[in-house]
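One gets the numbering used here by counting positions in the sequence shown from 1 and adding 1293 to each.
Read through the structure below, which is laid out as structure tokens, and then see the notes.
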Amino acid sequence: MKAFSPPSSSPQGLLRGVFAILAALLIAFLTVVAVPASAQNPTGVSSSTAPSSEAATTNNPESGPDGDAADPESGATMLVLDSSGSMNAQDAGGQTRLDAAKDATKKFVSELGGTIPLGLVTYGGTVDEAPENQEAGCQDIHVVSGPKEDVGDSFTGPIDALQAKGYTPIGDSLKKAAEELGGQHGTIVLVSDGIDTCAPPPVCEVAKELHEQGVDLVINTIGFNVDEEARKELSCIADAAGGEYLDADDA
1294 MKAFSPPSSS PQGLLRGVFA ILAALLIAFL TVVAVPASAQ NPTGVSSSTA PSSEAATTNN
1354 PESGPDGDAA DPESGATMLV LDSSGSMNAQ DAGGQTRLDA AKDATKKFVS ELGGTIPLGL
1414 VTYGGTVDEA PENQEAGCQD IHVVSGPKED VGDSFTGPID ALQAKGYTPI GDSLKKAAEE
1474 LGGQHGTIVL VSDGIDTCAP PPVCEVAKEL HEQGVDLVIN TIGFNVDEEA RKELSCIADA
1534 AGGEYLDADD A
């Protein structure tokens, strides 16, 4: 797993900082439910894993002291959020993975919305993962929004309404997110707790093709309490698309 560098004034540095913020929030929401209050650090985030969202923001020279909007030309971010059936699993403390992901994503949007263009794609939240539903389940991908700067509360309702139900069509979800970026400079951040259950297309090949076709398109991945097989696949996606992989778990 690669180490994070402080965000720089370059577009790549800003987008790396955005990735770090979301990862830190995911870890924080898992840690809060997994660790007794007396044992938590003030941020709920392990300093050896990722910077806090506050630190990532204040270290970014493109953001003003009052959180002024960053240069819109610095790139857009598309979040790809897993709401497949496995996200119903309860982690330490009894919170489901999906609920932790919802809380972290809403916090992320509230902190970053208005500073960079943000968009959201979800998958696996509509069609049950029964074997007879596989064809429909592998098309169960929803674009909540393409990238826009003034997100406001527009993501809150769709995020709250997510249910963990179905399959995990990672490859096609990445394609959808890339389509929403429209060839502009930007990044995709994939949050998943498992492997693609709809391949083909092979997800690492998809990531490589998108990276080569896009204009400085990078795909970062966050593994949400993943096993070794999923960790390898998510790392492969990030490596193939010039990005970084990070573990977010309650260990």
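Just so it is clear, CB atoms sit at the ideal spot from N, CA and C, and this is done for glycine as well.
Residues in the same chain with beta-carbon distance under 6 Å from residue i, minus the five sequence neighbours each way, listed in chain order, please.
i: Gly1412; result: Met1371, Ser1438, Gly1439, Pro1440, Glu1473
i: Arg1524; result: Gly1516
i: Leu1483; result: Val1373, Thr1514
i: Val1466; result: This sequence places Ser at residue 1466; Val is not what is there. Val1373, Val1414, Tyr1416, Ile1434.
i: Cys1529; result: Cys1497
i: Thr1490; result: Tyr1460, Thr1461
i: Gly1535; result: His1504, Val1511
Kindly identify the DSSP beta-bridge partner or partners of residue i.
i: Gln1383; result: Thr1389
i: Ala1454; result: None, per the DSSP bridge assignment.
i: Thr1480; result: Thr1370, Val1511
i: Gly1545; result: The structure shown has nothing for residue 1545, since the chain only spans 1294 to 1544.
i: Lys1441; result: Leu1411
i: Asp1540; result: Gly1516
i: Ser1485; result: Gly1516
i: Ile1434; result: Tyr1416
Using the beta-carbon count (16 or more within 10 Å), is residue i buried or exposed?
i: Glu1526; result: buried
i: Ala1423; result: exposed
i: Asp1522; result: Residue 1522 is actually Glu in this sequence, not Asp. Looking at its Cβ environment, which holds fewer than 16 other Cβ atoms inside 10 Å, Glu1522 is exposed.
i: Asp1396; result: buried
i: Gly1450; result: exposed
i: Asp1446; result: exposed
i: Pro1495; result: exposed
i: Gly1387; result: exposed
i: Pro1493; result: exposed
i: Asp1540; result: buried
i: Asp1520; result: exposed
Whole-angstrom Cβ separation of residue i and residue j, contact assumed at under 8 Å?
i: Ile1563; j: Ser1485; result: Any question about residue 1563 goes unanswered here, given that the chain covers just 1294 to 1544.
i: Gly1479; j: Glu1442; result: With 8 Å as the limit, Gly1479 and Glu1442 do not qualify as a contact, their Cβ atoms being about 13 Å apart.
i: Ala1533; j: Ala1500; result: 4 Å
Looking only at its chain, what residues have a beta carbon closer than 7 Å to the beta carbon of residue i, apart from the 5 residues adjacent to it on each side?
i: Ala1531; result: Ile1512, Asn1513, Thr1514, Glu1537, Tyr1538
i: Gln1383; result: Thr1389
i: Val1436; result: Val1414, Lys1469, Glu1473
i: Val1402; result: Leu1411, Val1444, Phe1448
Skipping 5 residues on each side, what residues in its chain have a beta carbon closer than 8 Å to that of residue i?
i: Asn1381; result: Thr1389, Arg1390, Leu1391, Ala1457
i: Asn1518; result: Leu1323, Ala1382, Asp1384, Arg1390, Asp1486, Ala1541, Asp1542, Asp1543
Problem set entry | Cβ pair count under 8 Å reaching 3, the region 1451 to 1459 against the region 1473 to 1482 | no
For this session: Determine contact between the region 1373 to 1389 and the region 1414 to 1434, defined as no fewer than three beta-carbon pairs at a distance below 8 Å.
Result: yes
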